[in-house]
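Using the working numbering, you'd call the opening residue of the sequence shown number 1 and step up by one each time.
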Amino acid sequence: MGNSESIATRVTEGKVRFTVNGKVCEVGSETPPETKLVSYLRETLLLTGTKLSCGEGGCGTCIVTVSYLNPGTGMPVTRPVNSCLTRVLSCDGWEISTIEHLGSKRKGLHPLQSTLAAFNGTQCGFCSPGMIMTVNSVLRENESPSMETLEKSIDGNICRCTGYRPILDAFKSFAGTPGTSCSGDPDTKDIVPDIEDIGWVCPQKNNFNPSPDEVYIETSSGRWYSPNNLENLLSVLKLVPEEYYTLVAGSTGPGVYKDDNFLVQHFIDVSKIVELRSHAESPLELGGGITIHDSISILRKVSRLYPEKYGYTEQVAEHLEKVANLAVRSVGTLAGNLELKRRHRSFPSDVFTLLETVGASIEVVSPTSKVSCSPSEYLEIQQSKQVIVKIRFPALSEKCHFQSYKISSRKVNAHAYISAGFLAKTEPGTFMLLDKPNLVFTGVSGDLIRAVETEKLLENQDLSDQAVLDSALKSLGSEITPDPDPRSSDPAFRVGLVQALFYRFVLNLLGDKVPSNLRSGVQPLQRGVSHGVQEFETDPSLYPINKPVQKLEAESQCSGEAEYTGDKPVFHNQLYAAFVLSTQANCDLESVDPSAALDLPGVVGFMSQEDISGDNNFSQTKPWKEEIFATKKVLYAGQAVGLLVAENEEVARKASKLVKISYTNIQEPVLTLQEAIKHPEKIEPTGDPIVEGDVEKELKGSVKTVSGEFEIGSQYPFHLETQICISVPKEDGFDIYCSTQDIDKVQTTVASVLGVQLKDINISVKRLGGAFGAKISRPNQIAAACALASKKFNRPVKLQLDLKTNMEMIGKRLPFLARYKVGVDDSGTLTGVQINIFCDSGSSHNEFTADAAVFFAKLCYQAKAWNLVPQSALTNTPSNTYIRAPGTTQGHAIMENIMEHLAAETGTDPLELRLHNIPEDPSYDSLREIIKKLRESSEYDLKKQQVLDFNQNNRWKKKGLSLVPINYRHDYYGSRFNVLISVYRRDGSVAVSHGGIEMGQGINTKVCQVVAKELGISMEMVSIKPTDSFTNPNASLTGGSMGSECNCSAALIACQKLKEQMKPIAEKLKNPTWLELVTECYNQGVDLSARHMGHSSKDGLIGYNIWAAVLTQVEVDVLTGEMNIESCNLIEDTGTSISPDVDVGQVEGGLIMGLGLWTSEQIRYDKKTGRLLDNSSWEYKVPSAMDIPEKMRIEFYNSGHNPGGVLGSKATGEPSVLAGVSVLTALRQAIRSARQDSNLPTWFQFNGPATVEAIKLGCSVDVKNMKLQ
């Protein structure tokens, strides 16, 4: 460890002191520098309300509130902080508050907690603590923020379940005037308290100061230094070895580049150094250690105080608000961001773009030198141990025109495709450049920073001259040469984006000189504060059935008291495990060498297929074998090769990276359906084709035929609780705690792998932190591996996948490819429909869904003949799995794409073509009524004309409008679930154990409502217990929107059985109270429990249709490909909803998940190795709170009592996912308008997902169309 002994003599070895929820904590040499705050909170302090999911600062589940004294100002500040990134040794002097500190069900909930629960802002609840702590931090700094501020505050918090709307409504109720709701709804005023009554902990009155002295801590894995001034920092740097140190400030960099600190042994905390945290306003200087959040505030203030010199800094601040998310900006520093850019030239640093564009200078010091340089010169510094002390901003006169832009895959918390900055100095009153402009770009390539040749070309040129613009655009086209990095976007897209942004800058500069139809190219898309409306009817005579109630678990989830599998107290002698994954697809294993991993202190052992005495297969109930650990053949990158077991989780994961795997017989991986179809041996028929009539005859006789292809991408479910299992050896077998939707299959798999009987495996599940189908079969592998380790070492073992492993190892939604030929007659009636539908099942055919797709493809429309052929293809990717509305989503979308194609080629309005082909059968009356109702309530015809007018008057912004019908066939497939009801004699309370798995869909709430209604008691008297394999043997999986209905049905029948047992006593008593009846039944020896094995077929549950229609309107930025969903109106047939608020959440959540599938969620693989490229929250982007429809209206259509369902209800979990395709069809309409302006064919193949990149490439704007007049 070099010369660190010298450092140890300079300071006394210290401790880091901070408070957590008001209690003083002290850590020192027992705490390794790599220990994260989230681990300390959860494992040492047992504060498990703070969750861990991505470990990258990208999901927000781990956020806590932190107060500390700003070293630069001496003032207290409060910030949201990602505890998954923060090193616990960085917390010196901090006051940390977790969700437990705010409130609890026992002590009383904090208003933020109770409000989120009351607004039904939780489903699985895994995101709720982080959401609340983020807003808590904001409200502690600003007691009366605007709705916009609150909406933007959760830019780094992901919710996969709710669709965000109820969360936003809950938090926006704290905006503006205390005590008012975001909608002005008087019904919510009792929910939302006055700000004065909230009781925030005032940080000014409870400061806990950091140690004024230097802190030095030596641990078993490294040394920690915390110098208190710049001089001492340089002294430390002089002594530490050059290659093994890192400066620690916000610790946000490892969220992107996880291996940067893999070999680091010296950690130097620079957060206390006043010189790095100070600033001056005129001249404007910012210390390198100032956080991005604080920089924004300073820049805005200076812009207001000195507009003649620093007016441009408002734009800099606005751009910086697009960097990462609030929690990252709160601790990430300017210097840290620049250093990331220096180390990783491809890093698309917005900070660098801005500083280089405006001509800022950077003061850099080291133990031996001090220099001032430009940002681009800083990137070339070769020596290490340099420290950015300050950044100087130049004063820019009114002759200077500055603009910057960031284009990314979603509106917030996403790195840039391209970040661009432009600075031009012109003669007043003219557009003649007085010098060379600054044209700065990041995201193009690691080497290109400025378009130097184009800058020279533009020197002293007139930007209002079309010829000058044309020359500049041409120069940019030749000068910009993007890196061919497979993780980056298409090179043509990036070149086009650079040209488009320069054109936008010129339009902005010219202002009113530009014709009105071109001015739409000046500003980026504008988005207002979102707003939602929900409409449904209820019948009080049915209550508590059909009553809008708060979810049973809502308060526990909002207080952090809800227990998930990973929250279980650590078992005595518990071990931790981590998978070792292959990094190459389509090859053979040559050798696996774990020796380096086994040498790591804390490692207990390594396991592989050689340790399996039973069946090395986790899909025993499926036709195709899937190995727990690879034997010889490696099918895909990310396939499990082995398991590392260690004394703690961080060691296990670190050790797993040290296992050396050698491969042989490496073949080119097959990664797409287009490639797989070239190999007939990879194609398998799946299910029976649908053949009706003579398709060939009908196509020949058609007036118009169209043919084409349509591709649908994959989707990662992004359940925030990753796959997890805990296995505990017991005297009678093994207790398995697993996050699964199917306990029967986990029990079967574990018993088979261990070679024991099913009776020896005890499975228990309390709740899941999200699932969406990905926890139906995939947990079998996790549980099997965990149980194997538990058996081998005879100790409890916890196996939880980190996000990267979860994404690389586990299959996703199946991609689809449709090849079609379809005809219509002269009236527009469908004649023949021929579709070959291929699904990409991954490395096995086990969970193909093409059969569901062909069935759903024909549900909305009639044709004279159909020939729909389902087929499954194998690729070298993980075996794909069922994801919310599997196959049904794709089948419906395929047919809607065909209807769009027909409408375009026949010149027919798409909605009229759809209406014309809906069957005349009376069973479709509900669908026609819903469409009529939607047209009226949404003012469809008016909107349609407004869209046409807008598109005619705007060249660079386009709108699209699309109304799509939905017919979702719901069936039960002979599902079975057990319900056990127990009544307690002393107080009459009721405990219920049902066979379903609660994962956010509200199954517990609905079962509780049914039991309370049937027994005539209040819901407060009913408790729902965890599901286990003892009370619920041989159960079906919870999925396909069947779980809630089937368990409600079984609970209803169990209640009826119980009442029948109690009936003789009830008849003897005169109108007894429930407690009187229970007491007398007990006295008379009546069994106060009842059980029913629900079986959908035997209990009379029959399938039915769920009708819906959705209208979506979008706006597209033609120059950049960005888009905004302006509105989405959905009407869905729910029958008589058992729990309307729960069902609203299901509908909205499904809709937003569907919108994500068709927009920002993209799955890509490396063509050579087969490795997943989108394997982190940095690359894979689910919709954020800023990506949902700006206006969203959900209406329940009551088609009356549904005789086939339970208590007249209909399922709601999956149909709305199908509605997501409306965003794709609306986007196509907008793009067609743009293409029409460019005289391009208006029909084009437009696959999903419609990313920003795909939209821009679809618009296909040529620089020849970039005109000034």
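Positions of the beta carbon are idealized from the N, C-alpha and C atoms, including for glycine.
Neighbourhood of residue i by C-beta distance below 6 Å, restricted to the same chain and skipping five residues each side
i	result
Arg410	Ser1160, Lys1181, Ser1184 and Asp1187
Ile683	Gln871 and Ala873
Ile217	Gly28, Ser29 and Trp224
Ala585	Tyr636, Ala637, Pro669, Asn876 and Gly1170
Ser656	Ala578, Val580 and Leu644
Val66	Arg79, Val81, Trp94 and Ile96
Ser975	Ser1036, Met1042, Cys1046 and Ser1096
Contact with chain C by residue i, beta-carbon distance below 7 Å
i	result
Met807	Protein chains in the displayed structure number just one, and chain C is not present.
Residue i burial status per 10 Å Cβ neighbour count (16 or more: buried)
i	result
Pro1189	buried
Ile290	buried
Asp1133	buried
Met75	exposed
Lys654	buried
Gln834	buried
Asn665	exposed
Pro166	buried
Glu308	exposed
Phe606	buried
Ala596	exposed
Lys1304	An answer regarding residue 1304 cannot be provided, because it is not within the stretch 1 to 1269 covered by the chain.
Distance, residue j Cα to residue i Cα
i	j	result
Gln382	Ala414	30 Å
Trp1270	Asn836	Residue 1270 cannot be examined here, being either before or after the span of the chain that is shown, 1 to 1269.
Ile418	Glu1253	11 Å
Val529	Glu1126	11 Å
Leu598	Val135	44 Å
Leu768	Cys159	14 Å
Ala1051	His1092	7 Å
Thr426	Val444	27 Å
Gly823	Lys700	8 Å
Asn1004	Ile1053	16 Å
Cys587	Arg1164	20 Å
His279	Glu285	5 Å
Thr48	His101	12 Å
Asn3	Glu242	Residue placement at Asn3 is flagged as unreliable, the pLDDT there being 45, under the threshold of 50; a coordinate-derived value is accordingly withheld.
Leu112	Ala1090	40 Å
Gly121	Val634	43 Å
Boundaries (first-last residue) of the alpha helix (DSSP H) holding residue i
i	result
Leu915	Pro910 to Asn917
Cys1081	Trp1074 to Asn1083
Leu313	A small fix is needed here, since residue 313 is Thr in this sequence, not Leu. Thr313 -> alpha helix (DSSP H) spans Thr313 to Leu320.
Asp1141	Pro1140 to Trp1158
Tyr503	Pro491 to Leu510
Val1217	Pro1215 to Leu1218
Asp925	Asp925 to Ser937
As assigned by DSSP and simplified to three states, the class of residue i
i	result
Ala1054	helix
Ser369	coil
Ser989	coil
Tyr1197	strand
Thr44	helix
Ala336	The identity of residue 336 in the sequence shown is Gly, whereas the question assumes Ala. If DSSP states are grouped into helix, strand and coil, Gly336 belongs with the helices.
Arg1171	coil
Ile894	helix
Sequence-distant residues of the same chain with beta carbon closer than 7 Å to residue i, five excluded per side
i	result
Glu459	Leu433, Asp435 and Lys436
Glu453	Ser475 and Glu479
Run of the beta strand (DSSP E) containing residue i, from where it starts to where it stops
i	result
Gly823	Phe816 to Val824
Met607	Val603 to Met607
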